[in-house]
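Here is the structure we will look at.
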Amino acid sequence: MLMRTDPFRELDRLAQQLMGPGTWSRPSAMPMDAYREGDEYVVAFDLPGVTADAIDIDVERNMLTVKAERRPVATGDDVQVELSERPLGVFSRQIVLADTLDTEHIQADYDAGVLTLRIPIAERAKPRKISIGLGSGRKEISG
653 MLMRTDPFRE LDRLAQQLMG PGTWSRPSAM PMDAYREGDE YVVAFDLPGV TADAIDIDVE
713 RNMLTVKAER RPVATGDDVQ VELSERPLGV FSRQIVLADT LDTEHIQADY DAGVLTLRIP
773 IAERAKPRKI SIGLGSGRKE ISG
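Once you know that position 117 of the sequence shown is 769 in this note's numbering, the rest is easy, because the numbers rise by one and skip nothing.
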C-alpha cells in the first residue's frame, strides 16, 4: 500500500487542535474557488458535512459574507470516538464585490457539500456599442 504524507495537512490539523474549533467571534477560513462564466461570476465554497440550514449568506453594500457551522455528529453513550480529524465549529469568508456586479440577483445552490453562488454582471457594466450620428451635413465658409 502506498501512503502519501502531506506535512502542511499535519500542520493545519495540529493548529486546529491547538486553537480549537472556530467560533462565531473567531471563525476558521473555508476554501473557495472564484471564476467568471459568461455574464456572471461564480464563487464555490467547500463545506462538506454542513447542513444547508447552518449556512448564512449576507450582502451589505459590496461585502459578501458567508458563514457556516459544522456541528458534531450526534453521539450516544455507547459511542467511543477513535479518531476525529474533521474540523468542527464555525467557518467564514468575506469577499469584496466589484460595483459592476448585481448583488440584488445572487443565486445560491448547495449540493454535495459545495455552496455555489452565481453573481450576475450588472447591465451597466456590460460592453455596448455606441452609435455615431451624422451631423446635419457639411457647412461651407464663403467669404
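Cβ atoms here follow ideal geometry from the backbone N, Cα and C, with glycine treated the same way.
Check: Give a yes or no on contact between the region 708–716 and the region 745–752, applying the rule of three or more CB pairs nearer than 8 Å.; Outcome: yes
Check: According to DSSP, simplified to helix, strand and coil, what is Glu734?; Outcome: coil
Check: Looking at Ile758 and Ile707, is the spacing between their C-beta atoms short of 9 Å?; Outcome: no
Check: Consult DSSP for Asp698 and reduce its assignment to one of helix, strand or coil.; Outcome: strand
Check: Going by DSSP, what residues sit across from Val766 in a beta bridge?; Outcome: Asp698, Asp763
Check: Since Val695 and Ala686 are thought to touch, with beta carbons under 8 Å apart, how far apart are those beta carbons, to the nearest angstrom?; Outcome: 5 Å
Check: I need the DSSP call for Asp705, collapsed to helix, strand or coil.; Outcome: helix
Check: By Cβ distance, which residues of its chain are closer than 8 Å to Met655, with the 5 residues on each side in sequence left out?; Outcome: Residue placement at Met655 cannot be trusted, given a pLDDT of 47 that sits under 50; what the coordinates show is reported in the next sentence. Hits under 8 Å: none found.
Check: Can you list, in chain order, the residues of its chain whose CB lies under 7 Å from that of Ser794, leaving out five sequence neighbours each side?; Outcome: none
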